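*Asks:*
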C-alpha cells in the first residue's frame, strides 16, 4: 500500500490533547477509505502538522481528513523511504 | 531528546539510491552533533523530502545536513506526536 505524508499549516498552539483528538477522529473513519494513519507530528510554534499514512490514493487520505474536520493543505505520496 | 522534522524542496526526480546515499552521508557524521536521523521519506514527483531526527537543536540538525551537502529548507521541532 502506498505511503503518504500530508501537511496541515496554521495549527499554531495545538496541544497534545488536540493532536490526539484529531488523530482519533481520523482513525474512527479511516477504514471506510482503506486508509491507515500511522503517525502524526506537530510543531505548535510554527503550526505545522505532519501525518504519515498508508492509503490507496492521496484523494482517499484527503477525504478522511476532510470528513474528520481538518482538511490537509498538502498531500504527497512518498514512494521512497529509508 | 527532542524530535525534528526537516524538509527539502526541489528534489524532483530523486531516486531510491540517491535518497539512501544522502541519508548515509548524514549518518556518517551525525554523531559529532549528537543528532540521529531516524527516517526519511521522498516524493520524487513534487521533490519534497522529509527527514525525522532526534537532536539537541534545530541548528544541530541543519549543521549535519549542510556538512553532508544538502541543507534543509525548513527544520521544525515536533514536540508532539501520536
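Residue numbers (the working numbering), protein chains in the order written: chain W, 3 to 84; chain B, 3 to 84.
Just so it is clear, CB atoms sit at the ideal spot from N, CA and C, and this is done for glycine as well.
All values reported here derive from a predicted model rather than from experimental measurement.
Would you identify the three-state DSSP class for residue 11 of chain B, choosing helix, strand or coil?
*Replies:* coil
*Asks:* Identify, in the order they occur along the chain, each residue of the same chain with its Cβ nearer than 7 Å to the Cβ of residue 40 of chain W, setting aside the five sequence neighbours on each side.
*Replies:* 54, 55 and 56
*Asks:* Quick check on residue 55 of chain B - is its C-beta less than 7 Å from some C-beta in chain W?
*Replies:* It does not: the Cβ of residue 55 of chain B has no partner Cβ on chain W nearer than 7 Å.
*Asks:* So what does DSSP say about residue 51 of chain B, is it helix, strand or coil?
*Replies:* Here residue 51 of chain B sits in strand by DSSP.
*Asks:* Along chain B, in chain order, which residues have C-beta atoms closer than 8 Å to that of residue 5 of chain W?
*Replies:* Within 8 Å Cβ-Cβ: 43.
*Asks:* Please state the DSSP three-state secondary structure of residue 19 of chain B.
*Replies:* Collapsing the DSSP output to three states places residue 19 of chain B in a helix.
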